[in-house]
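Residue numbers (the numbering used here): 2 to 367.
To keep things clear, I will list the structure first and then write my remarks on it.
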């Protein structure tokens with residue numbers, strides 16, 4: 002294992018003055034360190050954005066690198082193949098190897114990408130190396146030397162990073178008492194929904210919902226970050242006779258915020274969009290999101306939601322959800338939540354295989 006300090010210092014000494022990416026626990030240490038220095042790290046909304054940001058920095062004369070999780074590699078392919086490779090813009094990308102070499106040691110949502118990450122990169126035709134968990138600073142420098150040669154040739158090399166290859170995060174957690182407890186927020190929503198469908202975004206939100214309610218009409222997503230509202234929209238448009246609630250997170254809502262415009266355009270009267278905003282990507286180590294400068298309620302109204310409110314107390318939240326479930330929408334409710342402490346319930350797939358979750362939910366919704 003190399004330390005996060007060595008990881009960042011070695012890259013900086015080689016002229017990489019800016020980094021960007023989407024959080025993964027494998028890169029928690031470097032992101033935590035870089036985020037303490039203004040201008041050194043840009044928290045991107047999604048992986049494709051991160052690559053484009055780094056490409057822009059490169060065009061402007063700076064050396065940039067990207068850190069992303071392999072589960073989001075699909076988001077990266079478009080700008081990788083049609084921007085970076087087409088214009089031969091030298092960008093270095095680090096990709097974590099979730100679900101590899103054995104996906105059964107990770108979540109089932111990492112199975113496919115864990116299996117195909119390396120073949121996919123081979124198919125695209127990019128040079129790549131694996132930074133192994135047992136690697137040291139010397140091996141890291143060797144890989145960077147090789148990657149540097151590819152960058153000089155106008156290529157976009159990729160360094161695949163095993164779990165434990167870089168020391169973990171030590172993120173500062175402030176304002177633990179500021180906001181509502183996410184568990185209490187989710188409980189109010191679940192009780193108000195009764196038998197109506199709830200789609201919970203990936204991460205701790207879906208785990209908390211599953212921990213308190215195993216109702217078959219609850220779809221607890223794993224993976225597919227940023228797509229919870231789109232999944233809920235498809236359900237709402239297909240079952241206009243039933244209220245549909247999506248429990249979203251700030252990081253998830255930001256990742257594919259364009260879907261809010263689609264929701265506003267389609268205007269499903271039965272959709273209630275709840276955003277739990279704690280300002281961080283919590284399940285990957287507590288890296289900050291950009292929600293502190295984003296007014297989700299203002300955006301929702303601007304793109305066509307019927308109502309958009311912020312709730313700061315549990316009674317106001319309960320009244321808002323009850324009203325939203327019984328009146329034409331779409332509605333948005335933003336709730337500022339605390340950063341979680343203590344243990345978090347296990348994933349839904351610890352109790353049910355993905356196919357069973359699908360079948361239970363589909364039957365309940367139909």
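Idealized CB from N, CA, C, for every residue including glycine.
This structure is a prediction, so every number in the text was calculated from the model and none was measured.
Taking residue 141 as reference, the option from 19, 344, 8, 293 with the minimal CA-CA separation is 8. With a cutoff of 8 Å on beta-carbon distance, residue 345 and residue 209 are scored as near each other. In the three-state reduction of the DSSP assignment, residue 130 falls in the strand class. If you ignore the 5 residues before and after residue 131, its C-beta comes within less than 7 Å of the C-beta of 161, 163, all in its own chain and listed in chain order. Taken atom to atom, the span from the alpha-carbon of residue 81 to that of residue 309 is near 36 Å. Around the beta-carbon of residue 341, 16 or more other beta-carbon atoms lie within 10 Å, marking it buried. Take the alpha-carbon of residue 320 and the one of residue 115: they are about 44 Å apart.
According to the DSSP secondary-structure assignment, residue 337 is paired through a beta bridge with 278. Each of 158, 14, 52, 212 was checked against the Cα of residue 67, and the nearest Cα belongs to 52. Residue 306 carries a coil assignment under DSSP once its states are collapsed to helix, strand and coil. In the structure shown, the three-state DSSP call for residue 256 is helix. Ranking 258, 58, 335, 90 by CA distance to the CA of residue 180 puts 335 first.
Just so you know, the alpha carbons of residue 217 and residue 193 end up roughly 16 Å apart. Counting every other CB atom within 10 Å of its CB across the protein chains shown gives residue 351 a total below 16, marking it as exposed. Across the structure, residue 91 and residue 85 are spaced so that their CA atoms are roughly 7 Å apart. Within the model, the alpha-carbon separation for residue 186 versus residue 318 is close to 8 Å. If only complete runs of 3 or more residues are kept, the stretch 6-89 shows the beta strand (DSSP E) at 17-22, 42-44, 64-70, in order along the chain. Per the DSSP secondary-structure output, residue 332 pairs in a beta bridge with 273, 308. Residue burial is scored here from C-beta neighbours: residue 288 has at least 16 other C-beta atoms within 10 angstroms and is therefore classed as buried. Counting along the chain, no beta strand (DSSP E) covers residue 353, and no H or E run does either.
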